[in-house]
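Residues 54 to 460 in the working numbering are what the sequence shown lists, from first letter to last. A virtual CB, placed ideally from N, CA and C, is assigned to each residue, including glycine. For reference, the structure is listed below as structure tokens.
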Amino acid sequence: MIDELSGPNLWNGGLDEDVWGNNPVTIVEGDKLGVYWEKEKPVWDGIIKGENLSKGLIRLVGRHCDVKNNMPYKVKLTAQKGTDMAEIEIMVIKPSKLGNKYDTSIDVFSQTVKIDEICIEWGNELGIPPHFIKGQMKSETSFNHPFYPTYVYEPYTTQFDVMKMYSNNEYFIEENTATFEPALPIHSNVKDYPYPSNPTTVWQIIEDYSDLVNLVTLRKYGSRRATENSSKQDGILDFYGTYSYPQKKYNEYKKEAYKKYDVKIHPENEPQANNDARNSLVNHLKNEWDGGIKDGKKGLVNIKAQTRIAASYGLLQILYTTARYNFGYPKNLLPEELIEPNNIQYSKKKVLYHLNKLKNKENGNENNWNLGLEGSLRDYIWHQWNPNYKKYPDKVHENVLLYKEIK
């Protein structure tokens with residue numbers, strides 16, 4: 054960077070001291086500082102955190118631009134060593150494209166959604182580089198249909214949070230309910246699977262969309278994996294590092310079965326042991342588990358699935374209860390309407406909430422965050438977005454790298 058500055062060459066065999074001070078970047082044109090800057094913060098190699106940026110270097114990342122008029126913002130970068138000073142003006146322009154795929158999508162009304170434009174507008178408003186926003190959207194939407202309107206019911210977790218805290222919600226499904234009232238909205242293109250058309254049980258959803266009972270085409274709540282000694286049909290269960298209770302319980306049954314069949318000495322017995330463990334888990338979840346509800350019904354086959362309010366919706370998969378009770382989503386709107394384009398604002402409110410917590414931790418500083426740009430977004434936004442999935446920040450970060458600007 055310093056080699057590009059007009060004025061004296063401050064390198065002279067290598068610069069090993071800070072020449073930037075506490076306010077190295079200032080506004081020349083634009084109503085906001087167009088870049089985030091940092092010095093002596095971690096340098097990331099993909100999703101791997103490396104050593105800190107060397108003294109004497111500074112990193113600038115564009116984050117604000119003139120979205121409406123497509124006019125460049127300008128900033129001035131200034132360096133000083135002793136009495137020598139140099140400066141350069143840098144233009145920050147609106148990205149032309151974020152990555153080489155998925156710049157548009159389609160919504161529940163079969164209208165085109167301009168994904169890149171949404172991310173660029175959000176980035177400018179929030180001060181987050183837009184490819185970071187697009188990377189998180191990719192992580193939250195359907196794997197097979199990225200950036201499509203996505204709906205996910207949570208049978209192992211949010212189902213029981215809702216039963217404990219929100220049983221008085223207008224859209225809570227009572228045990229004797231046979232049809233949805235109010236009725237579901239007419240939506241198309243919902244992925245990965247449509248809203249259930251009628252009230253059903255928690256167990257029915259799990260059976261339909263997991264490999265626990267049968268191998269299925271679309272699995273969200275548990276998969277079978279082949280091993281060296283077992284086919285997929287007789288494989289081990291995996292809950293993706295997301296659903297801790299069924300994974301923990303399955304591992305207990307698996308440990309018992311492997312001991313019973315002496316799999317360590319007789320690996321040919323592994324398929325039988327795997328099936329025994331799986332069947333034990335099926336019986337436990339279907340007929341015994343109460344989800345931790347005191348004096349609750351036993352067995353998921355006997356519990357009504359809260360498929361409307363124990364679910365997340367949209368490009369950033371905000372939970373209905375989070376949008377409703379934390380960010381002002383109106384109670385007269387159906388839970389499913391949260392997936393509609395006009396209501397993406399509630400996901401943005403959640404991003405802003407976490408971003409403000411980060412800035413408060415940084416005493417209001419907009420630049421040079423203690424953990425650096427990536428580290429701060431990983432800890433304060435991505436980790437908080439999905440705290441039950443330890444690898445979630447890595448997943449988002451990998452997708453962020455796909456969507457750097459393509460000129």
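Go to Trp90, then tell me how far its beta strand (DSSP E) extends in each direction, as first and last residue. 88-91
Let me know if Leu63 comes out buried or exposed under the rule of 16 or more other beta-carbons within 10 Å of its beta-carbon. With a pLDDT of 43 at Leu63, under the threshold of 50, the modelled position of this residue cannot be trusted, and the question is left open.
Cβ pair Leu268, Gln286 closer than 8 Å: yes
Hey, how far is the Cα of Val88 from the Cα of Glu140? 16 Å
Within the same chain, show all residues whose beta-carbon is closer than 7 Å to that of Tyr246, passing over the 5 residues directly before and after it, in chain order. Tyr262, Leu271
If we call anything under 8 Å between Cβ atoms a contact, is Ala358 one with Tyr206? yes
Gln481 (DSSP reduced to helix, strand or coil): Residue 481 is absent from the model: the chain starts at 54 and stops at 460.
Take the Cβ of Ile55 as the centre, count every other Cβ of all protein chains shown within 10 Å, and call the residue buried at 16 or more, exposed below. With a pLDDT of 40 at Ile55, under the threshold of 50, the predicted position of this residue should be treated as unreliable, though the coordinate-derived value follows. So Ile55 counts as buried.
Would you list the one or two residues that DSSP bridges to Leu113? Trp90
For Gly344, count neighbouring Cβ atoms within 10 angstroms of its own Cβ and tell me buried if that reaches 16, exposed if not. buried
According to DSSP, simplified to helix, strand and coil, what is Arg331? helix
In DSSP terms, what Met144 is bridged to: Lys127
Within the same chain, show all residues whose beta-carbon is closer than 7 Å to that of Pro320, passing over the 5 residues directly before and after it, in chain order. Asn282
Keeping to the same chain, check which residues put their C-beta closer than 6 Å to that of Thr230; ignore five residues upstream and five downstream. Here the set comprises Pro252.
Do you know offhand how far Tyr442's Cα is from Val215's? 20 Å
For Trp97, report the span of its beta strand (DSSP E) as first-last. From DSSP, the beta strand (DSSP E) with Trp97 extends over 95-98.
Spatial neighbours of Glu193 within its chain, please: CB distance less than 6 Å, with the 5 preceding and 5 following residues excluded, ordered by chain position. Leu369, Gln370
Which residues does DSSP pair with Ser138 in a beta bridge? The identity of residue 138 in the sequence shown is Met, whereas the question assumes Ser. DSSP, once it has assigned bridges, lists Gln133 as partnering Met138.
Would you kindly work out how many angstroms separate the C-alpha atoms of Tyr445 and His436, rounded to a whole number? 7 Å
Endpoints, beta strand (DSSP E) assigned at Ile101: 101-105
For Lys308, the nearest candidate out of Glu323, Tyr298, Tyr201 (CA to CA): Between Lys308 and the set Glu323, Tyr298, Tyr201, the nearest pair of CA atoms involves Glu323.
If you count every other CB in all the chains shown that lies within 10 Å of the CB of Asp84, and 16 or more means buried, which is it? Exposed, by the Cβ-count rule.
Buried versus exposed, by CB contacts within 10 Å (16 or more), Glu142: Residue burial annotation: Glu142 is exposed, with fewer than 16 other C-beta atoms found within 10 angstroms of its C-beta.
Below 8 Å, can you find three or more Cβ-Cβ pairs linking the region 149-159 to the region 176-196? yes
According to DSSP, simplified to helix, strand and coil, what is Ile159? strand
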